[in-house]
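Numbering (the UniProt record's numbering), first residue to last: 1 to 150. Note that CB positions come from ideal geometry on N, CA and C, so glycine has one too. Predicted model only: the values in this text are computed from it and were never measured.
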């Protein structure tokens, strides 16, 4: 989605796989919260970075993942408190969600023969595949309406 709707060219990974776009706390009503108070200053463990580079790369600037991840933490992760206690917990949660069988959307979609191959899919196809792979949990989709600037 980022690559299709952003004027900055993306640097796709050599191995095609679905990657994390974000982990954003949400409210039942109203917009998603942003830039909340940091309550616990435990920084992201460096040991997570090799995994994050694969599953949550900065597709717009492959040379600067850490600044990208920091922005994600400040803007979105800080609003996960108390479920998400600190920056390290936020990124551990991303890794766990990506690698856990029932939350690995890349694997779930691949099992449904939906690959990041440029073939257009309907929202219904994506929802059915995700529901089938997650005990019928309904995914939350956010569609981008802006077209890529060429």
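- Taken through DSSP and simplified to helix, strand or coil, residue 86 comes out as coil.
- At least 8 Å separates the beta-carbon of residue 128 from that of residue 139.
- Taking a C-beta distance under 8 Å as the contact criterion, residue 48 and residue 92 qualify as a contact pair.
- The residues 42, 43, 44, 73 and 77, in chain order, have a CB closer than 7 Å to that of residue 87 in the same chain once the five nearest residues on each side in sequence are set aside.
- Look at residue 49 here: in three-state DSSP terms it is helix.
- The residue among 79, 123 and 106 with its C-alpha nearest the C-alpha of residue 39 is 79.
- Taking all protein chains in view, the Cβ of residue 57 is crowded by 16 or more other Cβ atoms within 10 Å, so the residue is classified as buried.
- A direct Cα-Cα distance of roughly 7 Å separates residue 126 from residue 109.
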